[in-house]
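**Student:** Let me give you the structure first, and then I'll get to my questions.
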Amino acid sequence: MIRKATLSDIKKINEIALKENNNFEKLFHLETEINLDYAIVLVYEDVEIKGFLYAIDLKDNIDLLFIMTDDKYKHTGVASLLLNYLINNFVLNDKTITLEVSKENINAIKLYEKFDFLQVNVRKAYYNGVDALLMKRGIMKDVYILAIETTCDETSIAIVKNGNEVESLTISTQMETHAAFGGVVPEIASRMHTEQITLVLEETLKKSKINIKDIDAIAVSYKPGLMGSLLVGIEFAKTLSYVYNLPLIKVNHLIGHIYANAIDNKLSFPLLALVVSGGHTELVIMKDNYDFKLLGSTLDDALGEAYDKVARVLDVPYPGGPEIEKLAQKGTPSYNLPHPVMDETYNFSYSGLKSSIINLVHNESERGNSINKENLACSFQTVAIDELSRKLDLALKNTGITNVIVAGGVSANGYLRTEISKVCDKHNASLSIPKILYCTDNAAMVGAAAYPLYLKQDFADYTLNAESQANVC
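In this text, residue positions in the sequence shown follow the numbering used here: the first is 10, and each later residue adds one.
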């Protein structure tokens, strides 16, 4: 395991260092430097510490000072693992790394060349009369991830470059088929995924003009979703990973929605993520990539679920959410509906709002009165989105965070976008919402979410299985 060093590691680090360099303690004082922002001190530990890495982060460049391995574990790959970890977790795409190495240290030079370091200068007699090579590693090569999304009723495959450029995206929707049943039928969905997934792959590769042999990793949504649908995508991803000897990356579908904001963009941390989908309504703090803290979530129904249930009550065709939005645009909020969760928490609730509409429609029907669908849809949407706005307003006020992203299928709703924008303007906060294409289920968001995991080498094995339930964190 590779981790950041702590003060308790200093003794062992010095033992390793002094065997190779008697001047180590004279040159560096790790006890005082280890916790400084610019110091990068990593150890490789497996039962005991086998090696360490020491570098200085100069913002635009990292100065690599030492990689040292305990004598007992030399030539076991420890140095290679430490260097790889540094590159994938601290460099990303916007930094270089420089170092000096004795021209007589052939093994070290070969290691650095393996990781794309090039000689850029020579420092004469740098090491007690021996020349030192100044080596530099530039911007890392482009990473192409082939991503698969089959959590519900869209079969989608994308090729995403460096986590933010969509080279190709194909989405095969089953919407018309399921519309005849008023909602998604799981058995039909999984069968249609099986029928379409190979064709979708072929179309994606054809549009991108990228050979699958140029792909660096395979990513797939593995939770949450319909079990049968998930399994089709997972097994297909495993097959591609095995046949082409590519690493396999598992992605939480909800986190994929969040990283849809990274497409053609760069996430600015810390940020507040408002996740609004058919199954989830959550407010999350992100301090960094894959660093999530849940502030609040729905106590019952999610917002997207409430839209769909109201659509059924009003006899609106599937898919209900977009149709309710269209009706709302033509109406006025003339119905008096309850405002849920009027408290100082960050939690949401839509069950009571949904139930009040069911009761209202039933009671009016019993009295022989007609319902104005446009006005009721508008009344519902106004209260439902106000719930999001109030909670986001509270979070911005209490946290002081000034970056907001919205994620999930409901983020395509135009009224939601307008109201959330007003809240962000009030707090002078930046707002990011994906393009409509990336709001609903798609594989591009999976590829974007997989990229930070690729950099960390957080790979799955072939025991990967589907999970029907999940939250962001």
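Glycine included, each C-beta is placed from N, C-alpha and C at the ideal position.
Compare the C-alpha of L249 against each of Y268, A421 and V229 and name the closest.
**Tutor:** Counting from 1 along the sequence shown, the entry for residue 249 is found at position 240. Closest by alpha carbon: V229.
**Student:** Can the beta-carbon of E158 be found less than 8 Å from the beta-carbon of D450?
**Tutor:** Taking the sequence shown and counting its residues from 1, the one referred to as residue 158 is at position 149. Taking the sequence shown and counting its residues from 1, the one referred to as residue 450 is at position 441. Yes, Cβ-Cβ distance for E158 and D450 is below 8 Å.
**Student:** Name, in chain order, the residues that DSSP records as bridge partners for T307.
**Tutor:** Counting from one through the sequence shown, the residue named residue 307 turns up at place 298. Answer is F357, bridged to T307.
**Student:** Count the other C-beta atoms from every protein chain shown that fall within 10 angstroms of the C-beta of L36, then say buried if there are 16 or more, exposed otherwise.
**Tutor:** Reading the sequence shown from its first residue, position 27 is the one you call residue 36. Residue placement at L36 cannot be trusted, given a pLDDT of 47 that sits under 50; the coordinates are not used to answer.
**Student:** Confirm, please, whether the CB-CB distance from A311 to V293 is below 8 Å.
**Tutor:** Numbered from 1 along the sequence shown, position 284 holds the residue referred to as residue 293. Numbered from 1 along the sequence shown, position 302 holds the residue referred to as residue 311. Cβ atoms of V293 and A311: not closer than 8 Å.
**Student:** Per the DSSP calculation, Y53 is bridged to which residue(s)?
**Tutor:** Within the sequence shown, numbered from 1, the residue matching residue 53 stands at position 44. I11 and G60.
**Student:** Where do the N-terminal and C-terminal ends of the alpha helix (DSSP H) with Y231 fall, by residue?
**Tutor:** Here residue 231 refers to the residue found at position 222 when the sequence shown is read from its first residue. Here Y231 belongs to no alpha helix (DSSP H); instead the beta strand (DSSP E) covers A226 to K232.
**Student:** Thinking A48 and A269 are a contact (beta carbons under 8 Å), I'd like their distance in whole angstroms, please.
**Tutor:** For the purposes of this step, residue 48 is identified with residue 39 of the sequence shown, where counting begins at 1. For the purposes of this step, residue 269 is identified with residue 260 of the sequence shown, where counting begins at 1. The Cβ separation is near 35 Å, so there is no contact.
**Student:** With R321 as the anchor, note down where its alpha helix (DSSP H) starts and where it stops.
**Tutor:** For the purposes of this step, residue 321 is taken as the residue at position 312 of the sequence shown. Segment L312 to V322, the alpha helix (DSSP H) holding R321.
**Student:** Counting pairs of Cβ atoms below 8 Å between the segment 467-478 and the segment 234-249, do you hit three or more?
**Tutor:** Taking 8 Å as the limit for Cβ pairs, the verdict is that the segment 234-249 does touch the segment 467-478.
**Student:** How big is the Cα-Cα spacing for I115 and I180?
**Tutor:** Numbered from its first residue, the sequence shown carries residue 115 at position 106. Numbered from its first residue, the sequence shown carries residue 180 at position 171. Going from the Cα of I115 to the Cα of I180 covers about 51 Å.
**Student:** Is the CB-CB distance between L142 and E109 below 8 Å?
**Tutor:** Within the sequence shown, residue 142 is the residue found at index 133, counting from 1. Within the sequence shown, residue 109 is the residue found at index 100, counting from 1. Cβ distance < 8 Å, so L142 and E109 count as in contact.
**Student:** Where does S277 fall in DSSP's three states?
**Tutor:** On the sequence shown, position 268 is the one that residue 277 refers to. DSSP places S277 in coil when its eight states are reduced to three.
**Student:** Would you verify that the beta carbon of L142 is, or is not, closer than 8 Å to some beta carbon of chain D?
**Tutor:** As a matter of chain content, chain D is missing from the structure shown, which is built from one protein chain.
**Student:** Hey, how far is the Cα of R376 from the Cα of C448?
**Tutor:** Start at 1 with the first residue of the sequence shown, and residue 376 comes out as number 367. Start at 1 with the first residue of the sequence shown, and residue 448 comes out as number 439. The straight-line gap from Cα to Cα measures roughly 41 Å.
**Student:** Looking at C-alpha atoms only, which residue of R321, D46, I272 and G305 is the closest neighbour of K170?
**Tutor:** Residue 170 sits at position 161 when you count from the first residue of the sequence shown. If we check each option's Cα against that of K170, I272 comes out closest.
**Student:** Is it buried or exposed for K59, if we count other Cβ within 10 angstroms and need 16 for buried?
**Tutor:** Along the sequence shown, read from residue 1 onward, the residue named residue 59 stands at position 50. Result: buried.
**Student:** Going by beta carbon distance, what residues of the same chain come within less than 6 Å of S439, once the five residues before and after it are set aside?
**Tutor:** Indexing the sequence shown from 1 puts residue 439 at position 430. Excluding sequence neighbours, S439 sits near N412.
**Student:** Report the partner residues of I264 according to the DSSP bridge assignment.
**Tutor:** Here residue 264 corresponds to residue number 255 of the sequence shown, with the count starting at 1. DSSP, once it has assigned bridges, lists no residue as partnering I264.
**Student:** Can you tell which of N384, G423 and L257 has its C-alpha closest to the C-alpha of S343?
**Tutor:** Position 334 of the sequence shown, counted from the start, is the residue given in the question as residue 343. Here the closest residue by C-alpha is N384.
**Student:** Going by DSSP in three states, V481 sits in which element: helix, strand or coil?
**Tutor:** Here residue 481 refers to the residue found at position 472 of the sequence shown. Coil at V481, not helix or strand.
**Student:** For D66, which residues from the same chain have a beta carbon less than 6 Å from its beta carbon, with the 5 sequence-adjacent residues on both sides left out?
**Tutor:** Here residue 66 refers to the residue found at position 57 of the sequence shown. So the list reads Y47 and I49, once near-sequence residues are dropped.
**Student:** Less than 8 Å separating the beta-carbons of G456 and A156?
**Tutor:** The residue given as residue 456 occupies position 447 in the sequence shown. The residue given as residue 156 occupies position 147 in the sequence shown. Yes, they are a contact pair.
**Student:** Whole-angstrom Cβ separation of L263 and N480, contact assumed at under 8 Å?
**Tutor:** Reading the sequence shown from its first residue, position 254 is the one you call residue 263. Reading the sequence shown from its first residue, position 471 is the one you call residue 480. 7 Å between Cβ atoms; contact.
**Student:** Using the rule of at least 16 other Cβ atoms within 10 Å of the residue's Cβ for burial, across every protein chain shown, is G191 buried or exposed?
**Tutor:** Stepping through the sequence shown from its first residue, residue 191 is reached at position 182. G191 is exposed by the Cβ-count criterion.
**Student:** Look at the alpha carbon of S430 and the alpha carbon of H266, and state the distance between them as a whole number of angstroms.
**Tutor:** By one-based count along the sequence shown, residue 430 stands at place 421. By one-based count along the sequence shown, residue 266 stands at place 257. When rounded, the distance between both Cα atoms is 19 Å.
**Student:** List the whole-angstrom C-beta distance separating L323 from V392, where the pair is believed to meet the contact cut-off of C-beta under 8 Å.
**Tutor:** Locating residue 323 in the sequence shown gives position 314, counting from the first residue. Locating residue 392 in the sequence shown gives position 383, counting from the first residue. That belief does not hold up - the Cβ atoms of L323 and V392 are roughly 15 Å apart, past 8 Å.
**Student:** Pull up the CB-CB distance for D80 and K28, whole angstroms please, since I reckon it's below 8 Å.
**Tutor:** Start at 1 with the first residue of the sequence shown, and residue 80 comes out as number 71. Start at 1 with the first residue of the sequence shown, and residue 28 comes out as number 19. About 6 Å; that satisfies the 8 Å criterion.
**Student:** What is the DSSP secondary structure of A282, reduced to helix, strand or coil?
**Tutor:** In the sequence shown, counting from the first residue as 1, residue 282 sits at position 273. A282 falls in the strand class under three-state DSSP.
**Student:** Closer than 6 Å by C-beta to K247: which residues in its own chain qualify, once you throw out the five before and the five after it? Chain order, please.
**Tutor:** Position 238 of the sequence shown holds residue 247. Contacts found: Y471.
**Student:** Out of R132, T105 and Y135, which one is the CA nearest neighbour of D125?
**Tutor:** As a working note, residue 125 is residue 116 in the sequence shown. The candidate whose alpha carbon is nearest that of D125 is T105.
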